[in-house]
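Chemist: What follows is a single structure, and I will ask about it in a moment.
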Amino acid sequence: MSFTIDFAEGIKPSVRSDLSNGLHFSLHDKSKYILPKEASEGENKRSIQNRPVETPILTINQYLYGGHLWDFWLAHHPHYGKVVLKVINTFNHPCWDPNLDDYVPYKDIIKEATREESFYLGPLKELQETVVPKYFGLYSSGKTDRYLAILLEYGGQSIGAGYVELHKDWKKKIYEAYKQIHLKGVCHFDLGGQHILVNDHQEIRLVSFRRSNKLDVKKRQDVLRILEEVYALRLRYGGKSEKKLKYNTLSPDYWSQLPDPQAFKEHLDECANRVVRLPPEVVAYN
Ligand SMILES: Nc1ncnc2c1ncn2[C@@H]1O[C@H](COP(=O)(O)OP(=O)(O)O)[C@@H](O)[C@H]1O
Ligand SMILES: [Mg+2]
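So, in structure tokens, the structure goes:
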């Protein structure tokens with residue numbers, strides 16, 4: 027599992043990550059990515075060994091984005107199709123200066139990459155290609171991980187970090203996508219339109235699990251934390267109409283895996299019906 031990069035005509039190789047034509051990447055020894063079964067189905071070990079080894083060429087077509095650490099390039103892979111190459115030159119990256127707040131030490135970069143991988147190959151595994159992009163592995167190039175790269179399915183255009191007015195059908199799609207990751211116990215912790223992508227088939231893909239946490243949908247506290255994110259999301263995209271949202275009106279799917287879903291729902295009902303009486307001086311002041 028490896029690839030060699032080749033820049034399409036007219037595309038400047040450099041930018042921050044300092045990539046060059048012919049750079050060869052192979053699967054990182056810390057990556058737990060394994061090729062899907064189908065790729066080797068029907069073949070025995072001997073025929074795999076005898077298969078001519080040819081390194082796929084990853085053709086880079088466009089510079090997409092310079093992130094906090096990683097650069098994002100749009101590319102074409104002969105087997106995976108349209109992909110995003112998320113890449114960093116660990117010897118010369120944007121957060122290299124120990125005197126600045128955003129400093130990221132060299133040893134933490136691989137940790138960030140394997141952490142992200144652990145989401146795609148862990149709780150989000152079954153959501154690949156439906157809610158999150160398909161994950162194609164973590165790679166390195168050069169001695170001591172000079173370059174690190176992650177290959178992901180191209181998830182589409184982001185809806186943008188700024189204020190957006192969305193049709194109710196789109197809000198529904200976005201709420202549903204987050205619900206899927208939440209039900210897998212993943213709290214995103216970095217809500218924002220830049221992480222909500224829409225692909226050519228008008229499907230949502232959620233990205234960026236750098237700040238995310240794996241929670242336990244069988245634990246009350248964790249479910250409450252997830253409900254907070256559901257609320258924040260609805261407020262952000264639903265605006266005023268969601269301001270009065272009560273947790274107990276959300277789908278019972280969120281708490282169905284708790285040991286006592288009924289008791290939890292009663293707790294939510296109680297909170298929803300609680301009338302907060304403010305002291306008269308506070309009421310007068312407001
Ligand atoms: N799989 C992908 N397909 C398309 N665009 C992507 C993909 N992954 C990331 N991007 C784009 O790159 C941007 C940065 O990605 P993100 O993971 O948020 O990096 P950072 O942590 O540096 O902000 C995203 O906001 C999105 O626009
Ligand atoms: Mg981001």
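One rule links them: number in the working numbering = place in the sequence shown (from 1) + 26. Even for Gly, the Cβ is constructed at its ideal location relative to N, Cα and C.
My assumption, with CB atoms under 8 Å, is that leucine 147 sits in contact with tyrosine 59. Please give the rounded CB distance.
Modeler: Counted from its first residue, the sequence shown places residue 147 at position 121. Counted from its first residue, the sequence shown places residue 59 at position 33. Indeed they touch by this definition, with Cβ atoms about 7 Å apart.
Chemist: Is it the case that the CB of valine 233 approaches a heavy atom of ligand 1 more closely than 7 Å?
Modeler: Along the sequence shown, read from residue 1 onward, the residue named residue 233 stands at position 207. For ligand 1, at least one heavy atom lies less than 7 Å from the Cβ of valine 233.
Chemist: Can you tell me which of Leu178, Arg172, Tyr132, Lys151 puts its alpha carbon nearest to the alpha carbon of glycine 163?
Modeler: One-based indexing of the sequence shown puts residue 163 at position 137. It is Leu178 whose Cα lies nearest to the Cα of glycine 163.
Chemist: Please report the distance separating the alpha-carbon of asparagine 225 from that of alanine 289.
Modeler: Translated into the one-based positions of the sequence shown, residue 225 becomes position 199. Translated into the one-based positions of the sequence shown, residue 289 becomes position 263. Distance between the alpha carbons of asparagine 225 and alanine 289: 40 Å.
Chemist: Thinking C-alpha only, which one of Thr275, Val309, Gly168, Tyr311 is nearest alanine 298?
Modeler: Position 272 of the sequence shown, counting from 1, holds the residue named residue 298. With distances taken between Cα atoms, alanine 298 lies closest to Thr275.
Chemist: The alpha helix (DSSP H) spanning tyrosine 204 covers which residue range?
Modeler: Position 178 of the sequence shown, counting from 1, holds the residue named residue 204. Where tyrosine 204 is concerned, the enclosing alpha helix (DSSP H) stretches over 194-209.
Chemist: Unbroken alpha helix (DSSP H) runs of length 4 or more, entirely within the stretch 239-278: which are they?
Modeler: DSSP runs (the alpha helix (DSSP H)) wholly in the stretch 239-278: 246-264.
Chemist: Work out the CA separation of isoleucine 114 and aspartate 295 for me, nearest whole Å.
Modeler: Residue numbering aside, residue 295 sits at position 269 when the sequence shown is read from its first letter. Residue numbering aside, residue 114 sits at position 88 when the sequence shown is read from its first letter. For aspartate 295 and isoleucine 114, the distance between alpha carbons rounds to 49 Å.
Chemist: Just grab the DSSP bridge partners of arginine 231 for me.
Modeler: One-based indexing of the sequence shown puts residue 231 at position 205. DSSP output for arginine 231 lists Leu223 as bridge partner(s).
Chemist: Using a 10 Å radius around the Cβ and a threshold of 16 neighbouring Cβ atoms, would you call proline 124 buried or exposed?
Modeler: If you number the sequence shown from 1, residue 124 lands on position 98. With fewer than 16 other Cβ atoms within 10 Å, it is exposed.
Chemist: Specify, as a first and last residue, the run of the alpha helix (DSSP H) that aspartate 295 falls within.
Modeler: Translated into the one-based positions of the sequence shown, residue 295 becomes position 269. It spans 287-299 - the alpha helix (DSSP H) in which aspartate 295 sits, taken as one unbroken run.
Chemist: At the level of alpha carbons, what is the spacing between glutamate 138 and tyrosine 173?
Modeler: For this step, residue 138 is matched to residue 112 along the sequence shown. For this step, residue 173 is matched to residue 147 along the sequence shown. For glutamate 138 and tyrosine 173, the distance between alpha carbons rounds to 14 Å.
Chemist: Does DSSP classify glutamate 35 as helix, strand or coil?
Modeler: For the purposes of this step, residue 35 is taken as the residue at position 9 of the sequence shown. Reduced to three states, the DSSP call for glutamate 35 is coil.
Chemist: Smallest Cα separation from valine 110: which of Cys121, Leu126, Gly92?
Modeler: Residue numbering aside, residue 110 sits at position 84 when the sequence shown is read from its first letter. Out of Cys121, Leu126, Gly92, Gly92 has the C-alpha closest to the C-alpha of valine 110.
Chemist: Could you round the C-beta distance between proline 278 and proline 285 to whole angstroms and report it? I think they count as a contact, below 8 Å.
Modeler: Locating residue 278 in the sequence shown gives position 252, where the first residue counts as 1. Locating residue 285 in the sequence shown gives position 259, where the first residue counts as 1. So it is not a contact: roughly 15 Å between Cβ atoms.
Chemist: Can histidine 221 be considered in contact with ligand 1, in the sense that its beta carbon sits closer than 7 Å to one or more heavy atoms?
Modeler: Working through the sequence shown from its first residue, we reach residue 221 at position 195. Under cutoff, so the answer is yes.
Chemist: In the DSSP assignment, find the unbroken beta strand (DSSP E) run with glutamate 138 in it and report its ends.
Modeler: By 1-based counting over the sequence shown, the position of residue 138 is 112. Here glutamate 138 belongs to no beta strand (DSSP E); instead the alpha helix (DSSP H) covers 132-147.
Chemist: For the candidate residues Gln88, Leu126, Val301, Phe145, whose alpha-carbon lies nearest to that of arginine 237?
Modeler: For the purposes of this step, residue 237 is taken as the residue at position 211 of the sequence shown. Selected option, being the one with the closest Cα: Phe145.
Chemist: In this structure, how does DSSP classify glutamate 64 when only helix, strand and coil are distinguished?
Modeler: As a working mapping, residue 64 is identified with position 38 in the sequence shown. Annotation note: pLDDT 48 at glutamate 64 (below 50); position unreliable, no value reported.
Chemist: Helix, strand or coil for arginine 237? Go by DSSP, reduced to three states.
Modeler: Numbered from its first residue, the sequence shown carries residue 237 at position 211. Here arginine 237 sits in coil by DSSP.
Chemist: Find out if the Cβ-Cβ distance for the pair arginine 159, arginine 231 is shorter than 8 Å.
Modeler: Reading the sequence shown from its first residue, position 133 is the one you call residue 159. Reading the sequence shown from its first residue, position 205 is the one you call residue 231. Rather than arginine, the amino acid found at residue 159 in this sequence is proline. Yes. Within cutoff.
Chemist: Taking just the CA atoms, how far does histidine 102 sit from leucine 84?
Modeler: Counting from 1 along the sequence shown, the entry for residue 84 is found at position 58. Counting from 1 along the sequence shown, the entry for residue 102 is found at position 76. Rounded to the nearest angstrom, the two C-alpha atoms are 6 Å apart.
Chemist: Using 8 Å as the threshold, is the C-beta distance between isoleucine 136 and aspartate 97 below it?
Modeler: Against the sequence shown, residue 136 aligns to sequence position 110. Against the sequence shown, residue 97 aligns to sequence position 71. No, Cβ-Cβ distance for isoleucine 136 and aspartate 97 is not below 8 Å.
Chemist: Please check the pair leucine 90 and proline 120, which I expect to be a contact at CB under 8 Å, by giving their CB distance rounded to whole angstroms.
Modeler: Mapped onto the sequence shown, residue 90 falls at position 64. Mapped onto the sequence shown, residue 120 falls at position 94. Not really, about 16 Å apart at Cβ, beyond 8 Å.
Chemist: Taking the straight line between their C-alpha atoms, what separation do you get for valine 309 and glutamine 247?
Modeler: One-based indexing of the sequence shown puts residue 309 at position 283. One-based indexing of the sequence shown puts residue 247 at position 221. Whole-angstrom Cα-Cα distance: 32 Å.
Chemist: Would you mind working out which of His50, Ile252, Val302, Leu209 sits nearest alanine 175, comparing C-alpha positions?
Modeler: The count along the sequence shown starts at 1 and reaches residue 175 at position 149. It is His50.
Chemist: Suppose you measure from the CA of tyrosine 204 to the CA of phenylalanine 29; what does that come to, to the nearest Å?
Modeler: Within the sequence shown, numbered from 1, the residue matching residue 204 stands at position 178. Within the sequence shown, numbered from 1, the residue matching residue 29 stands at position 3. Their Cα atoms are separated by approximately 33 Å.
Chemist: Tell me which residues share the same chain as valine 41 and place their Cβ nearer than 8 Å to its Cβ, disregarding the 5 neighbours each side in the sequence.
Modeler: Along the sequence shown, read from residue 1 onward, the residue named residue 41 stands at position 15. The answer, listed in chain order, is Tyr89, Gly92, Asp97.
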